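Notes follow the structure.
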Amino acid sequence: MQHKISNSSSRPQQPRRSWRARLGALCAATLMSISGMGWADADHDRARRALEAGEVLPLGTILTRLEREHPGQVLDVELEHEKQDGVARWVYEVKLLRKGGALVKLEVDARTGEVIKRKVKDQGYGQK
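Each residue of the sequence shown is one higher than the one before, starting from 901 at the first, in this note's numbering.
Now the structure itself:
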């Protein structure tokens, strides 16, 4: 009498991966997540320290000032620490969407709130 061994699970059998492939995938995923989180945390800490030290104005202050002269919907804001001509400074990069579809990218000195660069890209909605 022969007995059949049946799988109690109704799921189909998955192909077996080698332990090396699994270990490699796990290591890659771990390294990517750790390195990404580490940089994000370090950037956040640097920005917080700059705010506490009075090196940058709060984002709310910057946006309130910009709203008067550059109305639009804020799409993205980044705080960057840049060096130009040997001088280091904090810069807010703000992207705005204006009525009519124009995309405005502003670079703002984070210490003073002064707009140091302005770039407008007209999306040309409704035009070919």
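Virtual Cβ for every residue (Gly too), placed ideally from N, Cα, C.
Keep in mind the model is a prediction, meaning the values are calculated, not measured.
What number of angstroms, rounded off, separates the C-alpha of residue i from the C-alpha of residue j?
{"i": "residue 972", "j": "residue 995", "result": "9 Å"}
{"i": "residue 942", "j": "residue 950", "result": "12 Å"}
{"i": "residue 979", "j": "residue 990", "result": "7 Å"}
{"i": "residue 966", "j": "residue 1011", "result": "14 Å"}
{"i": "residue 963", "j": "residue 997", "result": "14 Å"}
{"i": "residue 970", "j": "residue 945", "result": "29 Å"}
{"i": "residue 1031", "j": "residue 1013", "result": "Lying outside 901 to 1028, the shown extent of the chain, residue 1031 is not represented and no answer is given."}
{"i": "residue 975", "j": "residue 986", "result": "31 Å"}
Please state whether the Cβ-Cβ distance between residue i and residue j is less than 7 Å.
{"i": "residue 1009", "j": "residue 1016", "result": "yes"}
Between the options, which lies nearest to residue i when the distance is taken from Cα to Cα?
{"i": "residue 1000", "options": "1014, 1020, 982", "result": "1020"}
{"i": "residue 992", "options": "981, 968, 986", "result": "981"}
Practice task
Report yes or no: do the segment 999–1007 and the segment 951–960 share at least 3 C-beta pairs separated by less than 8 Å?
Solution key: No: the two stretches stay apart, fewer than three of their Cβ pairs being nearer than 8 Å.
Problem - Contiguous beta strand (DSSP E) assignments of at least 3 residues, all confined to the segment 976–1024 - result: 987–997, 1003–1009, 1015–1021, all fully within the segment 976–1024.
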